[in-house]
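Asker: By the UniProt record's numbering, the letter at position 435 of the sequence shown is numbered 435, and the numbering carries on one by one without gaps. Every residue, glycine too, gets a C-beta built ideally from N, C-alpha and C. Given the structure is predicted, the values throughout are model-derived calculations rather than measurements. One structure, pasted below without further comment.
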Amino acid sequence: MTKLATDQREPIRSPGVTTAMSEGTLAAPWWKRGVIYQIYPRSFADSDGDGIGDLAGIEAYLNHVASLGVDAIWLSPIFPSPMADFGYDVADYTGVEPMFGDLAAFDRLLAAVHARGLKLLLDFVPNHSSTQHPWFVESRSSRDNPRRDWYIWRDPAPGGGPPNNWISDMGGPAWELDPKTGQYYLHTFLREQADLNWRNPAVAAAMTDVMRFWLDRGVDGFRIDVLWHIVKAEGLPDNPENPDWREGMAGKLRVLQHHSTDQPEAHAFTRAMRQLADSYGETLLVGEIFLPRDRLMRWYGSAAEPGVHLPFNFELIENPWDRDTLARLIAEYDAAIPAHGWPNWVIGSHDAPRIAARVGERQARVAAMLLLTLHGTPTLYQGDEIGIGTVDIPPDRIRDPQDLRQPGMGLGRDRSRTPMAWDASPNAGFSFGEPWLPLHADWRTRNVAAQHADPQSMLALHRRLLAARRKRPALSLGTLAMHDAASDVLAYERRYGEERLLVVLNLGSQPRRVTLPDGTDAGRIIVATGTRERYDGTINADEGFVVELTP
Ligand code: NOJ
Ligand code: MG
Numbered sequence: 001m002t003k004l005a006t007d008q009r010e011p012i013r014s015p016g017v018t019t020a021m022s023e024g025t026l027a028a029p030w031w032k033r034g035v036i037y038q039i040y041p042r043s044f045a046d047s048d049g050d051g052i053g054d055l056a057g058i059e060a061y062l063n064h065v066a067s068l069g070v071d072a073i074w075l076s077p078i079f080p081s082p083m084a085d086f087g088y089d090v091a092d093y094t095g096v097e098p099m100f101g102d103l104a105a106f107d108r109l110l111a112a113v114h115a116r117g118l119k120l121l122l123d124f125v126p127n128h129s130s131t132q133h134p135w136f137v138e139s140r141s142s143r144d145n146p147r148r149d150w151y152i153w154r155d156p157a158p159g160g161g162p163p164n165n166w167i168s169d170m171g172g173p174a175w176e177l178d179p180k181t182g183q184y185y186l187h188t189f190l191r192e193q194a195d196l197n198w199r200n201p202a203v204a205a206a207m208t209d210v211m212r213f214w215l216d217r218g219v220d221g222f223r224i225d226v227l228w229h230i231v232k233a234e235g236l237p238d239n240p241e242n243p244d245w246r247e248g249m250a251g252k253l254r255v256l257q258h259h260s261t262d263q264p265e266a267h268a269f270t271r272a273m274r275q276l277a278d279s280y281g282e283t284l285l286v287g288e289i290f291l292p293r294d295r296l297m298r299w300y301g302s303a304a305e306p307g308v309h310l311p312f313n314f315e316l317i318e319n320p321w322d323r324d325t326l327a328r329l330i331a332e333y334d335a336a337i338p339a340h341g342w343p344n345w346v347i348g349s350h351d352a353p354r355i356a357a358r359v360g361e362r363q364a365r366v367a368a369m370l371l372l373t374l375h376g377t378p379t380l381y382q383g384d385e386i387g388i389g390t391v392d393i394p395p396d397r398i399r400d401p402q403d404l405r406q407p408g409m410g411l412g413r414d415r416s417r418t419p420m421a422w423d424a425s426p427n428a429g430f431s432f433g434e435p436w437l438p439l440h441a442d443w444r445t446r447n448v449a450a451q452h453a454d455p456q457s458m459l460a461l462h463r464r465l466l467a468a469r470r471k472r473p474a475l476s477l478g479t480l481a482m483h484d485a486a487s488d489v490l491a492y493e494r495r496y497g498e499e500r501l502l503v504v505l506n507l508g509s510q511p512r513r514v515t516l517p518d519g520t521d522a523g524r525i526i527v528a529t530g531t532r533e534r535y536d537g538t539i540n541a542d543e544g545f546v547v548e549l550t551p
């Protein structure tokens, strides 16, 4: 961020955007109607010129978030951290990383977020801490230290070497030998991220205190990092080999994570987290869980003993971008949600490739319409609202440890973590210093200020979609029914009471015919990816629109 005065930020400010939902929908909790916007703090806006985003930068650009029309912000980790994994290595769960600010800056940001009617979710990282966390420093100091059992220490295997065959998600063994005490500690991710031992009640209690600390400060919930990892099978048995693993595949895929993840005991901890969150009112817990659909659903818990409100649904990221696949997974996912649960959708994150890089710039508009019109709470990732696409990271600028440890395998996450582009000033207004990662090449034209001025921009499309979603309960709370359509065309009806809307998306590069559900006529087009205003029974290539259905 340049020392931007308010006047330069003015173009992205749209006052008076908050629109109450029509009555009757107000009974639904905010997170069912709402849209979550993920901020990656290192890359949002830098107020002090160190090239790294910070809390004051986020506060300065909150108008952008509010004027987009989202409801909640999820902040990736802001806690003190040696930054081995860019904040997912937490050295103090109840502080603020100095490069981001301090607790006072956090309180100011939280107040500013709330003043705009937005909610704030923090990133809770319960599976592992930094090896620089005082708990780990104590734990490693001797075998009989009272905190020894806060982490997962084991003797070497008979004959030497790691205690079992588990593999780190970042490649290589998941164990690190500590020469001083002669034992290995478990690290599911980097060796700088030691796994906490949730089977020790003192750890569970300390982590509960962490949640309470932030809830008491007023946060509205958490996104919970790798929740399905927190408990490991008793006895730490070897994981089965993956018969499908081939040379060239990521190292972590060599074994199946049967014994290292998704243990029944983790659900009990999740229920306890939920009870705590519920005791603070309408809070939200979103669990980061990568599992096949049937196992994912268990993380909702039961009506009597609920788990997280939203186990993240990554199916749009994990599957090919074609009509048949999407139509099937949308219908099946929706049908699989337990009666007390609520669906959700994710299309981008600081870990996944940019959606515009994956499907192309034109389809990215269709993807935005899909994400924001599906049945379930969407999570929108910063930068996708301006359509940041492929970014080439020169080899000497690669920072992601996952890429540096397993080079050339396409595992790099830097491409999704490049700075936001605010305007055409130096460094796109992100920083008056050198940004920690390069910007996308077309930042001079692909930035918030430029798109603010262009009614056909990706940003304008996002604002229209979010405004439509806010205004039309059918788009947020309504049921979803898939509708037969020409090839490449994905069509589904959203219905809430009398309100019926048909979402029509052309995933292909040919114009197609559109048919309406039996017994209905076309009313107004309420939002379109392009300039279409009237329904005429056709859809252009790479086009999407939402049309009112009238009896
Ligand atoms: C998931 C986070 O999103 C990712 O960025 C991180 O590397 C791992 N969890 C480990 O915390
Ligand atoms: Mg900074």
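Quick check on the contact list: which residues have their beta carbon closer than 5 angstroms to a heavy atom of the ligand MG?
Answerer: Asp46, Asp48, Asp50, Ile52, Asp54
Asker: Taking Arg413 as the reference, which of Met420, Ser349, Ala450, Arg470 has the closest Cα?
Answerer: Nearest option by C-alpha distance: Ser349.
Asker: Work out the CA separation of Ile230 and Glu385 for me, nearest whole Å.
Answerer: 33 angstroms
Asker: Can the beta-carbon of Leu380 be found closer than 9 angstroms to that of Val90?
Answerer: no
Asker: Relative to the C-alpha of Pro395, which residue among Leu437, Pro240, His452, Gly49 is closest?
Answerer: Leu437
Asker: Taking 8 angstroms as the line, does the beta carbon of Ser43 fall inside it for any heavy atom of the ligand NOJ?
Answerer: no
Asker: In terms of alpha-carbon separation, which member of Ala467, Ser260, Arg358, Leu371 lies closest to Val346?
Answerer: Leu371
Asker: From the DSSP output, which residues share a beta bridge with Leu196?
Answerer: Paired residues: Tyr151.
Asker: What span of residues does the beta strand (DSSP E) with Met482 cover, start to end?
Answerer: 479-483
Asker: Where does Ser260 fall in DSSP's three states?
Answerer: coil
Asker: Does DSSP put Gly389 in a helix, in a strand, or in coil?
Answerer: Gly389 falls in the coil class under three-state DSSP.
Asker: Taking C-alpha atoms, which residue in Ile525, Arg500, Arg524, Thr531 lies nearest to Asp518?
Answerer: Arg500
Asker: Can you check the segment 432-495 for any beta strand (DSSP E) of at least 3 residues that lies completely inside it and give the ranges in chain order?
Answerer: 479-483
Asker: Looking at the structure shown, is Gly544 part of a helix, part of a strand, or coil, going by DSSP?
Answerer: Three-state result, Gly544: strand.
Asker: Does the distance between the C-beta of Tyr151 and the nearest non-hydrogen atom of the ligand NOJ fall short of 8 angstroms?
Answerer: no
Asker: Could you tell me whether the Cβ atoms of Leu284 and Asp220 are closer together than 9 angstroms?
Answerer: yes
Asker: Kindly indicate the opening and closing residues of the beta strand (DSSP E) around His128.
Answerer: Segment 128-130, the beta strand (DSSP E) holding His128.
Asker: Would you mind giving the Cβ-Cβ distance between Leu411 and Ala428, rounded to the nearest angstrom? I have them listed as a contact below 8 angstroms.
Answerer: Not a contact, Cβ separation roughly 26 angstroms.
Asker: Compute the Euclidean distance between the alpha carbons of Gly24 and Ser476, then round it to the nearest angstrom.
Answerer: In this prediction, Gly24 scores a pLDDT of 49, lower than 50, which makes its location untrustworthy; the coordinate-derived value is nonetheless stated afterwards. About 13 angstroms.
Asker: Would you mind giving the Cβ-Cβ distance between Arg513 and Gly537, rounded to the nearest angstrom? I have them listed as a contact below 8 angstroms.
Answerer: At roughly 6 angstroms, the Cβ-Cβ gap stays under 8 angstroms, so Arg513 and Gly537 are in contact.
Asker: Span of the alpha helix (DSSP H) holding Ile317?
Answerer: For Ile317, the enclosing alpha helix (DSSP H) starts and ends at 315-318.
Asker: Does the pairing of the segment 46-65 with the segment 90-100 give three or more beta-carbon distances under 8 angstroms?
Answerer: yes
Asker: When DSSP builds the beta bridges, which residues end up paired with Thr550?
Answerer: For Thr550, which the question treats as bridged, DSSP gives the partners Asp521.
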